[in-house]
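K.L.:
Residue 1 is where the sequence shown starts when you use our numbering, and the numbers rise one by one after that.
Beta carbons: idealized from backbone N, C-alpha and C, even for Gly.
Note that this is a predicted model, so its numbers are computed, not measured.
Take a look at this one; I'll ask things after.
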Amino acid sequence: MPNYDYHCLNCGKRVRLFFTYAQYDSAEPNCPHCSSEKLKRLISRVALAKSEDARLDSLDPESMLAGVDEDDPRSLGKFMRNMSGEMGEDLGDEFDEVVNRLESGESPEDIEKSMPELADEGGSFGSDDLI
Ligand SMILES: [Zn+2]
């Protein structure tokens, strides 16, 4: 459960309150020490770092591409597997096949040629599209 830090403008104490995100929208926090409603929200770095938003923000394609060798199908396959894992989505059998074949060392061009349905959809798993 996320916690929110406040500074009480009435008694000057630092207050930590717990709300769910849903509760927070309609919450009218009171200071537990003096019951004042004059609470100033403090940003909690710890809470921010654990939030869902922060986790998604850390999905920076550029930093994820760092260390990927585009000329190495295995490296590319590993990258694509990591991406799909981070997104938590099942990207389908075709995606799995492409990743498996990349990881076994096939070049993206060869895979594309042997899987015409990929080209038909206007999609391409060539390295150009990853960037
Ligand atoms: Zn207070």
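By the DSSP assignment, the beta strand (DSSP E) with LEU42 in it spans what residues?
P.N.:
Along the sequence shown, one-based indexing puts residue 42 at 42. Run containing LEU42: 39 to 42, per the beta strand (DSSP E) assignment.
K.L.:
May I have the straight-line CA-CA distance separating PRO2 from PRO32, to the nearest angstrom?
P.N.:
Position 2 of the sequence shown, counted from the first residue, corresponds to residue 2. Position 32 of the sequence shown, counted from the first residue, corresponds to residue 32. In a straight line, the C-alpha of PRO2 is about 18 angstroms away from that of PRO32.
K.L.:
Which one or two residues does DSSP pair with ARG14 in a beta bridge?
P.N.:
Translated into the one-based positions of the sequence shown, residue 14 becomes position 14. Answer by DSSP bridge pairing, in chain order: HIS7.
K.L.:
Is GLY77 closer than 7 angstroms to GLU117 when the C-beta atoms are compared?
P.N.:
If you number the sequence shown from 1, residue 117 lands on position 117. If you number the sequence shown from 1, residue 77 lands on position 77. Against a cut-off of 7 angstroms, the Cβ pair of GLY77 and GLU117 comes out as no contact.
K.L.:
CB-CB under 7 angstroms to ASP69, same chain, minus the five flanking residues each way: which ones, in chain order?
P.N.:
Here residue 69 is taken as the residue at index 69 of the sequence shown, counted from 1. The answer, listed in chain order, is SER75.
K.L.:
Which residues in the same chain as ASN10 place their Cβ atom closer than 8 angstroms to its Cβ, once the five residues preceding and following it in sequence are excluded?
P.N.:
Locating residue 10 in the sequence shown gives position 10, where the first residue counts as 1. So the list reads CYS31, CYS34, SER36, LYS38, once near-sequence residues are dropped.
K.L.:
With 16 as the cutoff for other CB atoms within 10 Å, does TYR6 come out buried or exposed?
P.N.:
As a working mapping, residue 6 is identified with position 6 in the sequence shown. Per the 10 Å Cβ criterion, buried.
K.L.:
Tell me which residues pass a beta-carbon proximity test against ligand 1: closer than 6 angstroms to any heavy atom, given in chain order.
P.N.:
The set, ordered by position in the chain, is CYS8, ASN10, CYS11, LYS13, CYS31, HIS33, CYS34, SER36.
K.L.:
Helix, strand or coil for GLY123? Go by DSSP, reduced to three states.
P.N.:
Residue numbering aside, residue 123 sits at position 123 when the sequence shown is read from its first letter. Since pLDDT at GLY123 reaches only 47, below the 50 mark, its modelled position is unreliable, and no value is offered.
K.L.:
Apart from the five residues on each side of it in sequence, which residues of its chain come closer than 7 angstroms, Cβ to Cβ, to GLY105?
P.N.:
The sequence position of residue 105 within the sequence shown is 105, counting from 1. Answer for GLY105: PRO73, ARG74, listed in chain order.
K.L.:
Alpha carbons only, please: which of GLY88, ASP71, SER114, CYS8 is nearest the one belonging to GLU97?
P.N.:
Mapped onto the sequence shown, residue 97 falls at position 97. Ranking GLY88, ASP71, SER114, CYS8 by Cα distance to GLU97 puts SER114 first.
K.L.:
Suppose contacts are defined by Cβ-Cβ distances below 7 angstroms. Is LEU42 in contact with PRO29 by that definition?
P.N.:
Walking along the sequence shown from the start, residue 42 turns up at place 42. Walking along the sequence shown from the start, residue 29 turns up at place 29. Not in contact: LEU42 and PRO29 (Cβ atoms no closer than 7 angstroms).
K.L.:
What is the DSSP secondary structure of ALA27, counted as helix, strand or coil?
P.N.:
Within the sequence shown, numbered from 1, the residue matching residue 27 stands at position 27. It is coil, neither helix nor strand.
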